[in-house]
Every structure is written in structure tokens, then in C-alpha cells.
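The sequence shown begins at 37 in my numbering and counts up by one.
We treat Cβ as the ideally placed atom computed from N, Cα and C, and that holds for glycine.
Being a predicted model, the structure only gives us computed values, none of them experimental.
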Amino acid sequence: MTPTFVMALELEKKKKEEEEKAKEEELKAIEEKAQSESELLEVKERLGKLEEVVKEIAVESKKQSGGSVTKTQVQEDSSETVKQKSLGPASIPDSSPQDQKGETQNEGTSPDAKR
37 MTPTFVMALE
47 LEKKKKEEEE
57 KAKEEELKAI
67 EEKAQSESEL
77 LEVKERLGKL
87 EEVVKEIAVE
97 SKKQSGGSVT
107 KTQVQEDSSE
117 TVKQKSLGPA
127 SIPDSSPQDQ
137 KGETQNEGTS
147 PDAKR
């Protein structure tokens, strides 16, 4: 065998190996694509079922809300409650008399009587 013939055989062998690798990679890519497509179809099916359930819930809640309190009414009530809590209890003015400086005066005694 001549060296060129040996080189040609080695080159042919490398080409076959590369072709086999390319075929394996292509098959692997096809399998992955098929698997991802089946997973995608499964997810789409589950999503469709969830959408149906959400629609049913929306219809039921609309039926129930016809005679009940609306969302805006609930928000108004809760905002009034928050306002009342933030203001705190109403302060009751002291019933004892005060002079102009805000000092409490004793009943029956006047500032002139202290002199």
C-alpha cells in the first residue's frame, strides 16, 4: 500500500465518522423537538382548562354580585374605617373653665382673690 492510498482511506474513514455524528445529532435534535412540541401541547391543553375554570368563576361571581355589595362600596367602607382609625377617638373638651392663657380656673375663686 502506498502512503497516498493510506491517507485516502483515513480521510474516507473520517468523513464517514463525521457523517455518522451529523446523523446522530440530527436525530437527537428531531427527538428533542418532538419532545418539546409534545410538552408544549400539554401546557397549552392545561392552559385551556385553566382558562375555562377562570371564566366559570367569573360568571359565578357576576351572578352573586348582582344583589350583594359592589367592590367600590367595599373600598369606600374600608377607606372610611381607615380615616376613623387615623383620627383616633374624638377628644372631649374639659368642662372646667379656663382663662385666656388656657389655665384652669378654680370655681368660686377669682384671680383677684389670690392677692
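Item, Value
"For Gly84, the first and last residue of its enclosing alpha helix (DSSP H)", "Pro39 to Ser101"
"Separation of Leu45 from Glu75, as counted between CA atoms", "45 angstroms"
"C-alpha gap between Leu83 and Ser72, whole angstroms", "16 angstroms"
"Other residues of its chain near Glu55: CB distance less than 7 angstroms, five sequence neighbours each side excluded", "none"
"Spatial distance of Lys51 from Glu67 (CA atoms)", "24 angstroms"
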